[in-house]
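Peer 1: Take this structure, written in structure tokens, and hold onto it; I'll ask about it next.
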Amino acid sequence: MSSIVLARRASDAAALHRRSEDRTAWLLAAPAIVLLLLFVLLPVVAVIFLGFTDFELGYGKFRLVGFENYAHLITDRTFRKSLWNTSVYTAIVAPVSIGLGLGVALLIEGEPRARGFFRTVYFLPVASLIVAIFSFCQYLFHPTIGPINALLSLAGIPGPNWLGAANTVLYSLSIIGIWQSVGFNMVLFLAGLTAIPRELYAAAHVDGAKSALDRFFLVTWPMLGPTTLFVVTISITNAVKVFETVKML
Numbered sequence: 192m193s194s195i196v197l198a199r200r201a202s203d204a205a206a207l208h209r210r211s212e213d214r215t216a217w218l219l220a221a222p223a224i225v226l227l228l229l230f231v232l233l234p235v236v237a238v239i240f241l242g243f244t245d246f247e248l249g250y251g252k253f254r255l256v257g258f259e260n261y262a263h264l265i266t267d268r269t270f271r272k273s274l275w276n277t278s279v280y281t282a283i284v285a286p287v288s289i290g291l292g293l294g295v296a297l298l299i300e301g302e303p304r305a306r307g308f309f310r311t312v313y314f315l316p317v318a319s320l321i322v323a324i325f326s327f328c329q330y331l332f333h334p335t336i337g338p339i340n341a342l343l344s345l346a347g348i349p350g351p352n353w354l355g356a357a358n359t360v361l362y363s364l365s366i367i368g369i370w371q372s373v374g375f376n377m378v379l380f381l382a383g384l385t386a387i388p389r390e391l392y393a394a395a396h397v398d399g400a401k402s403a404l405d406r407f408f409l410v411t412w413p414m415l416g417p418t419t420l421f422v423v424t425i426s427i428t429n430a431v432k433v434f435e436t437v438k439m440l
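Read in order, the letters of the sequence shown correspond to residues 192 to 440 in my numbering.
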């Protein structure tokens, strides 16, 4: 009987401890939750609601118009052109920056002596000021004094107006977007590579994975699954919401 009573008391004490930990966790998370509600969730709900009204900033009254705004948006030529350009930009920037980020991360991981140097070099576009990056890109793609067109002229090829012509501006912006994203993706993939246990590579070698390509598909790629999913999500999100590059250039 006494053992049953002691076990029940121990169970009650454990439950009380768990409830105390839960309260502490909610208390610590409360500031972040409040900020998330105020600055993310509530604005999203407000924007969705206002999308079904004829609200205009500065006017106090508005009325519900249903899907009229969205019907007008779909038929708007500028919106459809912007949607197409954004889709093409995302289709170029996201996969290329992911592939290059993974490739650079694998190269840096294989050279531990120069890892810090190359990590800094490739991450520099992410850490640099946006204005400085765009000023450099404007010079790089300048139609008359830019080094790209200067190299083309040496080869006898007339250089286009990279950022001013309709047939080249989207691809020029894509190159800039890839250059900006590779460093960030590289750091994420490096973190994922560092977390892979070295014992798995030794076991794969014993099982017959002799080449680096075999070890990559047998160990590295499967273990990078969660990291890859996160990188893909972030890359697509950043590409879709691109604004600063287009506005500044």
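Just so it is clear, CB atoms sit at the ideal spot from N, CA and C, and this is done for glycine as well. Since this is a predicted model, take the numbers as computed values, not measurements.
(1) State the Cα-Cα distance for the pair aspartate 245 and valine 236, rounded to the nearest angstrom.
(2) Can you tell me where the alpha helix (DSSP H) holding proline 417 begins and where it ends?
(3) Can at least three beta-carbon pairs, one atom from the region 321-338 and one from the region 351-359, be found at a separation below 8 Å?
(4) Assign methionine 439 to one of two classes, buried (16 or more other C-beta atoms within 10 Å of its C-beta) or exposed (fewer than that).
(5) So, at 6 Å on beta carbons, what are the nonlocal neighbours of leucine 293 in its own chain, with the 5 sequence-adjacent residues on each side left out?
(6) Any contact between the region 374-389 and the region 255-273? By contact I mean 3 or more CB pairs, one from each, below 8 Å.
(7) Whole angstroms is fine: what's the gap from alanine 400's alpha carbon to methionine 414's?
(8) Going along the chain, which residues of its own chain have a beta-carbon closer than 7 Å to the beta-carbon of serine 426, five neighbours each way excluded?
(9) Give me the Cα-Cα distance between histidine 263 and leucine 404, rounded to the nearest whole angstrom.
(10) Less than 8 Å between the CB atoms is what I'm expecting for tyrosine 250 and alanine 430, so what's the real figure, rounded?
(11) Give the straight-line distance between the Cα atoms of alanine 394 and leucine 409, rounded to the nearest whole angstrom.
(12) Kindly indicate if chain D contains any beta-carbon less than 8 Å away from that of glutamate 435.
(13) Relative to the C-alpha of phenylalanine 243, which candidate in Phe230, Leu298, Ile224, Tyr261 has its C-alpha closest?
(14) Go to threonine 359, then tell me how far its alpha helix (DSSP H) extends in each direction, as first and last residue.
(15) Grab me the residues of valine 433's own chain with a C-beta within less than 7 Å of its C-beta, minus the 5 sequence neighbours each way, in chain order.
(16) Buried or exposed for alanine 220, going by 16 or more other Cβ atoms inside 10 Å?
(17) State buried or exposed for arginine 209, treating a residue as buried only when at least 16 other CB atoms are found within 10 Å of its CB.
Peer 2: This is what the structure holds:
(1) Those two C-alpha atoms are separated by around 16 Å.
(2) Unbroken alpha helix (DSSP H) run through proline 417: 416-431.
(3) Result yes; three or more Cβ-Cβ pairs closer than 8 Å.
(4) Flag for methionine 439 reads exposed.
(5) In chain order, Phe380 place their CB closer than 6 Å to the CB of leucine 293, counting only its own chain and leaving out the 5 sequence neighbours on each side.
(6) Contact check between the region 374-389 and the region 255-273: fewer than three CB pairs, one atom from each, fall below 8 Å, which does not count as touching.
(7) Roughly 16 Å separates the two Cα atoms.
(8) Cβ within range, chain order: Ala285, Ser288, Ile289, Ser372, Asn376.
(9) In this structure, the straight-line span from the alpha carbon of histidine 263 to that of leucine 404 is close to 52 Å.
(10) Taking the Cβ atoms as the reference, tyrosine 250 lies roughly 35 Å from alanine 430, outside the contact range of under 8 Å.
(11) C-alpha separation (whole angstroms): 10 Å.
(12) No chain D is present in this structure, which holds just one protein chain.
(13) Nearest C-alpha to phenylalanine 243: Tyr261.
(14) DSSP places threonine 359 in no alpha helix (DSSP H); its state is neither H nor E.
(15) Excluding residues up to 5 positions away in sequence, Tyr280, Gly368 lie with their Cβ nearer than 7 Å to the Cβ of valine 433 in the same chain.
(16) Burial call: exposed.
(17) By the neighbour-count rule (16 or more Cβ atoms within 10 Å), arginine 209 is not buried but exposed.
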